[in-house]
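Here the structure comes first, spelled out in C-alpha cells, and everything after it is commentary.
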Amino acid sequence: MMSENGRWALAYEYGPDRSYVPVGVPVKVGRTLQIGRSGELELGVTVVSKGISRRAAEVRATEVGWEVDIRNHNGAVLHLWGQVPHLVAGLQRVSWPRAAIRFLSENQVGGKVDASGPAHHWLLLEAEIPATYPAPTRGGRRTTGRTITAKPPPPLSRPQEEALRLVFHELLRWPPRVPAQPMQLDAAARRLGISENAIRERLLHAHGRALRLGLPRRVGLTNPEYLYVLVQAGYLVPPPRRPAYRFTPSWLH
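Numbering-wise (numbering that gives the first Met the number 0), the sequence shown opens with residue 0 and increments by one.
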C-alpha cells in the first residue's frame with residue numbers, strides 16, 4: 000500500500016492574467032473533503048466565479064483511489080492524465096495516478112467539452128497507485144479498470160518516448176492546461192534537432208505498439224488516440240509531483 004503522504008487533493012485555478020499555486024493537503028484513506036465556493040478546498044473564490052457551486056463536489060480517499068461526487072450545477076470534466084477528457088456528473092470512482100476535474104462555470108450543451116472560458120477551476124487528485132482505465136457501469140457511475148490480456152510488446156525506446164512526450168507535450172502536462180493541442184511534426188523535429196522523417200520513424204514504432212495493444216485502427220501520428228492506448232498500458236507514466244509548487248494552509252491540516 001502507498002504511504003498516506005503519497006495522496007494529495009489540491010484546488011488549482013487560473014484566470015486570463017494570472018495562475019495561482021495549487022492549494023491542498025495530503026489525504027488519508029477515508030478522509031472526505033468538500034470542494035467549492037464554501038468548501039474546505041475553495042474554488043471560485045480566489046478566481047471569482049459564481050458559476051461554481053458552493054458545494055461543487057465531495058471527494059473521499061479510498062484504498063484503491065478516490066470517490067468523487069460531482070454536484071456542481073454547471074457540471075464538470077474529468078481529465079485522467081494522458082486520456083481524452085469527458086463530461087461527468089454524480090458519483091465517480093477513479094483509480095489513476097493523476098486525475099483532474101475541471102469544474103465548469105457555464106452549462107455545456109449537447110455533451111460538448113468546452114475549454115474556451117477565460118478562467119479555469121480544477122481539483123487535482125494525485126496518488127501513487129496503478130492506473131486503471133474507465134469502464135462505464137450501471138446507474139451512470141464510472142469505475143476505472145485496466146485489463147491487458149495479450150503479451151505486451153517491448154517498452155518504448157528512449158528516443159521513441161522522447162518524441163511522444165514532445166509531440167503530445169500539451170496533452171501530458173501536469174497540472175493540465177486547456178486547450179491542449181499536439182505539436183506539428185516539423186516543429187517537433189526542429190526542437191529535437193533531427194529530420195521530420197526521423198521523428199516519424201520514432202512515432203511509427205510507438206504507433207505499432209499501440210496497434211498490438213488494441214488500437215482499433217491506424218491513425219495519424221499527431222492523433223492522440225494511440226497515445227491514450229500507450230498510457231492505458233503503462234508505456235508512459237505521469238511526471239513526479241513537484242512539492243515546491245503547492246501550498247497547504249494551516250487550517251487544512
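All C-beta atoms, glycine included, are put in the ideal place defined by N, C-alpha and C.
Helix, strand or coil at residue i according to DSSP, with G and I counted as helix
i    : result
G207 : helix
I128 : coil
L165 : helix
R157 : helix
L170 : helix
T146 : Its pLDDT being 46, under 50, T146 is placed unreliably by the model, and nothing is read from it.
G5   : helix
E44  : Correcting the residue type first, residue 44 is Val in the shown sequence and not Glu. Three-state DSSP puts V44 in coil, outside helix and strand.
A88  : coil
R101 : strand
V83  : coil
P15  : coil
A118 : coil
R241 : coil
Member of the options whose CA lies at the smallest distance from the CA of residue i
i    : options                   : result
V228 : H206, L170, R245 and R241 : H206
V47  : V24, F246 and A118        : A118
L203 : L220, R172, P215 and K27  : L220
G192 : G35, V218 and P158        : P158
G23  : E224, L124 and R97        : L124
E224 : E200, L170, F246 and A186 : L170
R6   : V93, R36, L42 and D68     : V93
L90  : R101, R241, R59 and V28   : R59
P248 : G14, V20, D16 and Y13     : V20
R70  : H85, E41 and I34          : I34
L212 : A232, R199 and E200       : A232
G14  : G43, E195 and H85         : G43
V177 : E62, N196 and L77         : L77
I198 : R208, Q183, L210 and L32  : Q183
G29  : G64, D16, R17 and K150    : G64
R101 : L9, E62 and L155          : L9
Whole-angstrom C-beta distance between residue j and residue i, which should lie under 8 Å
i    : j    : result
V304 : A99  : Residue 304 lies beyond the stretch modelled for the chain, which goes from 0 to 252, so this question has no answer here.
P96  : E127 : 6 Å
A187 : V166 : 5 Å
Y11  : W173 : That belief does not hold up - the Cβ atoms of Y11 and W173 are roughly 10 Å apart, past 8 Å.
N73  : L40  : Going by Cβ atoms, the distance from N73 to L40 rounds to 18 Å, so no, they are not a contact pair.
E160 : L226 : So it is not a contact: roughly 11 Å between Cβ atoms.
*What are the uninterrupted segments assigned as alpha helix (DSSP H) that are 4 or more residues long and contained completely in the segment 175-236, given in chain order?*
You should have 184-191, 195-212 and 224-231.
*Give a yes or no on contact between the segment 80-97 and the segment 35-54, applying the rule of three or more CB pairs nearer than 8 Å.*
Proximity of the segment 80-97 to the segment 35-54 falls short of the contact definition, fewer than three beta-carbon pairs being nearer than 8 Å.
_beta strand (DSSP E) segments (min. 3 residues) lying fully within the segment 18-78_ = 22-25, 31-35, 56-61 and 64-69
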